[in-house]
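Novice: Per the UniProt record's numbering, the sequence shown starts with residue 1, numbered consecutively. Even glycine gets a Cβ: it sits at the ideal position worked out from N, Cα and C.
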Amino acid sequence: MVRRGEQAVSNRPTFDLSPPTPLQFDTLAAGLTADERQVLLDHGTESPFCGVLLSEKRAGVYCCRLCGLPLFLAGNKFDSRTGWPSFTTPFDEKHLAYVRDSSYGMVRTEIRCVRCGSHQGHVFDDGPPPTHQRYCINSVSLQFVASTDPLPDKLDRGAPEGAVWNLFA
Ligand SMILES: [Zn+2]
């Protein structure tokens, strides 16, 4: 694994990154749709321009669809014209695992949720300033949470999960 991208903002609360128990994982996986399962667990890619989050512009945070860990902030989303939700920087780089992916005859860097290991997408070096990173993520891998709504707490970890947390004050 390699680390890359911007340093995390220091005033964000700490999340419990210990993995779900096998029972928690299986329970959450059983609640996925076939499309979500194919991307998150089988490392598939959704078709471009079909994701429901592509046009989402509200303030908020994008969390892992499987375990609920915050992965990206709405303020770091940009229109990459690729057909997938794209971000310039992660919520916290400790929340992502970066894995070399040499499938399909290309060398890419795969992005996974560090807590549950689910597939999110890939990161490329052709993004806009200031990071020049393009985190290209599947809509079905993410759950959007508006800034006025509580964060998910799918693993019963407690606050800051499960709490309304104004990231944007
Ligand atoms: Zn996760």
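Contact check, residue 67 vs residue 136 under 8 Å by CB: the rounded distance?
Specialist: On the sequence shown, residue 67 is found 67 positions in, with the first residue counted as 1. On the sequence shown, residue 136 is found 136 positions in, with the first residue counted as 1. Contact doesn't hold; Cβ gap of about 21 Å is too wide.
Novice: Identify the continuous beta strand (DSSP E) that holds residue 101 and give its terminal residues.
Specialist: Looking up residue 101 in the sequence shown gives position 101. Element bounds for residue 101: 96 to 101.
Novice: Can you list, in chain order, the residues of its chain with a C-beta nearer than 7 Å to that of residue 91? Leave out the 5 residues immediately preceding and following it.
Specialist: Walking along the sequence shown from the start, residue 91 turns up at place 91. 61, 70, 71, 72, 73.
Novice: At a threshold of 8 Å, does residue 157 count as lining ligand 1 (C-beta to nearest heavy atom)?
Specialist: As a position in the sequence shown, residue 157 is number 157, starting the count at 1. Flag unset: Cβ of residue 157 not near ligand 1.
Novice: Give the DSSP-derived three-state secondary structure of residue 73 in the structure shown.
Specialist: Here the question's residue 73 lines up with position 73 in the sequence shown. Of the three classes helix, strand and coil, the one that applies to residue 73 here is strand, per DSSP.
Novice: Where residue 110 and residue 124 are concerned, what is the direct C-alpha to C-alpha distance, given to the nearest angstrom?
Specialist: Start at 1 with the first residue of the sequence shown, and residue 110 comes out as number 110. Start at 1 with the first residue of the sequence shown, and residue 124 comes out as number 124. Roughly 9 Å separates the two Cα atoms.
Novice: Count the other CB atoms, across all protein chains shown, that sit within 10 Å of the CB of residue 107; report buried if there are 16 or more and exposed otherwise.
Specialist: Within the sequence shown, numbered from 1, the residue matching residue 107 stands at position 107. Within a 10 Å sphere around the beta-carbon of residue 107 sit fewer than 16 other beta-carbons, which makes this residue exposed.
Novice: Measure the C-alpha to C-alpha separation of residue 165 and residue 133 and round it to an integer number of angstroms.
Specialist: On the sequence shown, residue 165 is found 165 positions in, with the first residue counted as 1. On the sequence shown, residue 133 is found 133 positions in, with the first residue counted as 1. Computed Cα separation, rounded: 26 Å.
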